[in-house]
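End of the sequence shown sits at 330 in my numbering; the numbers just go up one at a time, nothing left out.
In this text, a Cβ means the ideal position worked out from N, Cα and C, and glycines have one as well.
All remarks here apply to the structure that follows.
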Amino acid sequence: MDTIIQQDIKRIVAELNPFKEKIRNKSFLVTGGAGFIGSWFCDALVELGANVTCVDNFSNGSEEHINHLMQKGNFKFIQADVLSFTTDEIFDYIVHMASIASPLSFSELSIETLDANTLGTRRMLELAVKNKVKGFLFTSTSEVYGDPPDENIPTPETYYGYVNSYGPRATYDEGKRCAEAYCLAFRNRFNIPTRIVRIFNTYGPRLDTKQTSQYGRAMAKFIHQALKRVPLTVYGDGKQTRSFCYITDQVAGLLKLLLLPNLDGEVVNIGNDQEITILDLADKVIKITNSKSEKQFLPLPKDDPRRRCPDISKARKFLGFNPHVSLD
Ligand code: UDP
3 MDTIIQQDIK RIVAELNPFK EKIRNKSFLV TGGAGFIGSW FCDALVELGA
53 NVTCVDNFSN GSEEHINHLM QKGNFKFIQA DVLSFTTDEI FDYIVHMASI
103 ASPLSFSELS IETLDANTLG TRRMLELAVK NKVKGFLFTS TSEVYGDPPD
153 ENIPTPETYY GYVNSYGPRA TYDEGKRCAE AYCLAFRNRF NIPTRIVRIF
203 NTYGPRLDTK QTSQYGRAMA KFIHQALKRV PLTVYGDGKQ TRSFCYITDQ
253 VAGLLKLLLL PNLDGEVVNI GNDQEITILD LADKVIKITN SKSEKQFLPL
303 PKDDPRRRCP DISKARKFLG FNPHVSLD
């Protein structure tokens with residue numbers, strides 16, 4: 003495994019050391035566990051001594067991300083879709099991450115994106131009822147907020163969203179919104195200990211390794227373009243903003259949200275609250291990679307949110323969450 007990844011996993015494990023006893027020998031089901039965030043999540047759990055079952059259909063995830071885990075006695079992989087996957091195993095915790103996550107795939111795999119989040123979430127919640135789980139974590143998204151006006155930036159969990167239900171991002175945005183409602187319904191009817199995280203832009207090794215050239219997220223694509231010395235494709239005027247969280251901070255936050263006591267039913271933003279324009283990100287990548295690449299301006303995709311920055315005061319207060327890794 004890449005030495006950067008190894009060191010980073012050690013850092014996550016060190017931060018989660020106080021939770022070791024809650025994790026060791028417990029069984030975790032992680033759907034979408036071969037994806038970018040999912041595979042890091044599995045890595046951390048395996049290192050901390052959990053028994054991990056990872057389910058992924060590789061629509062978005064990749065074998066490369068989990069190959070190194072296949073030999074571990076406490077890791078099991080099932081290649082399956084969350085819509086059809088069945089099991090007799092009993093899990094202590096269920097973490098439902100399976101979904102397409104790259105904006106350009108939302109329309110291409112539109113029905114799959116909707117299904118994984120709606121029907122898939124329902125199936126995993128039914129399994130949670132059957133298993134009487136100790137915790138159910140659903141990975142929602144900043145996309146549930148849509149395109150918030152300036153007065154709602156940074157965006158707190160209490161903001162209801164400004165979302166187009168009939169646009170190019172709708173399958174993802176509305177799928178995730180529906181999934182949140184499923185979590186609430188199952189919590190109310192069956193008392194499932196659901197916890198919902200709204201994940202903001204996250205980056206690190208394994209982001210878009212399959213899709214970098216064609217479909218990749220800005221961060222992975224810009225780095226790839228800068229290293230290849232081809233133009234960095236900035237959409238629109240590049241004045242739209244995002245706030246980028248490094249994967250180690252994200253995974254530590256997710257596990258804390260799942261494992262800390264008294265957080266059942268909570269919805270928490272996790273991300274980094276340092277906002278940057280996409281243009282500045284492109285310039286930063288060119289500078290850091292010492293690249294000769296130019297910038298190429300291309301049309302802005304429809305419904306591309308103008309600004310995105312999380313209000314993370316709830317995560318700071320409830321989880322002691324504090325992103326350690328700066329963008330540079
Ligand atoms: N973006 C860009 N060039 C690219 C890819 C993305 O300028 O080659 C922009 C995109 O329009 C958006 C931002 O970068 O404003 C972040 O896009 P990404 O696909 O990473 O994820 P999003 O935050 O939109 O879900």
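Closer than 7 Å: residue i CB and nearest the ligand UDP heavy atom
| i | result |
| --- | --- |
| Ala228 | no |
| Asn133 | no |
| Gly34 | no |
| Lys22 | no |
| Val253 | no |
| Asn203 | yes |
| Ala220 | yes |
| Lys241 | no |
| Thr235 | yes |
| Arg244 | yes |
Beta-carbon proximity list for residue i, same chain, < 6 Å, skipping 5 on both sides
| i | result |
| --- | --- |
| Ser328 | none |
| Glu296 | Pro233 |
| Lys319 | none |
Environment of residue i [buried if 16+ CB atoms lie within 10 Å]
| i | result |
| --- | --- |
| Glu23 | exposed |
| Asn292 | exposed |
| Leu300 | exposed |
| Ile102 | buried |
| Pro156 | buried |
| Tyr164 | exposed |
Boundaries (first-last residue) of the beta strand (DSSP E) holding residue i
| i | result |
| --- | --- |
| Val31 | Checking the sequence shown, residue 31 turns out to be Leu, not Val. Ser29 to Thr33 is the extent of the beta strand (DSSP E) around Leu31. |
| Ile201 | Thr196 to Ile201 |
| Glu65 | From DSSP, Glu65 is part of no beta strand (DSSP E); its letter is neither H nor E. |
| Cys311 | Taken as a continuous stretch (DSSP letters only), Cys311 belongs to no beta strand (DSSP E), as it is neither H nor E. |
Delimiting residues of the alpha helix (DSSP H) encompassing residue i
| i | result |
| --- | --- |
| Gln8 | Thr5 to Glu17 |
| Cys185 | Ala172 to Phe192 |
| Phe320 | Ser315 to Leu321 |
| Glu114 | Ser112 to Asn119 |
Beta carbon proximity, residue i to chain D, threshold 8 Å
| i | result |
| --- | --- |
| Gly37 | Judged by its chain identifiers, the structure shown contains no chain D, having just a single protein chain. |
Spatial neighbours of residue i in its chain, beta-carbon cut-off 7 Å, leaving aside the 5 residues before and after
| i | result |
| --- | --- |
| His326 | Asp251 |
Residues of its chain near residue i, where Cβ-Cβ distance is below 8 Å and the 5 sequence neighbours each way are ignored
| i | result |
| --- | --- |
| Met99 | Val32, Thr33, Gly34, Gly35, Gly37, Ile39, Gly40, Phe43 and Thr141 |
query: Okay, do the segment 119-137 and the segment 73-85 touch, 3+ Cβ pairs below 8 Å being the bar?
result: Yes, since at least three Cβ pairs between the segment 119-137 and the segment 73-85 fall closer than 8 Å, the two stretches touch.
- prompt: Taking one C-beta from the segment 131-142 and one from the segment 67-78 each time, how about it: are there three or more such pairs within less than 8 Å?
  reply: Taking 8 Å as the limit for Cβ pairs, the verdict is that the segment 67-78 does not touch the segment 131-142.
task: Could you tell me whether the segment 260-280 touches the segment 192-208, using the rule of 3 or more Cβ pairs below 8 Å?
output: Flag = yes, the segment 260-280 and the segment 192-208 touch.
- request: Inspect the CB distances between the segment 145-153 and the segment 304-313 and report whether three or more fall short of 8 Å.
  value: Touching, per the Cβ criterion.
- prompt: If you pair each beta-carbon of the segment 175-193 with each one of the segment 231-246, do three or more pairs fall below 8 Å?
  reply: The answer is no - the segment 231-246 does not touch the segment 175-193, with fewer than three Cβ pairs under 8 Å.
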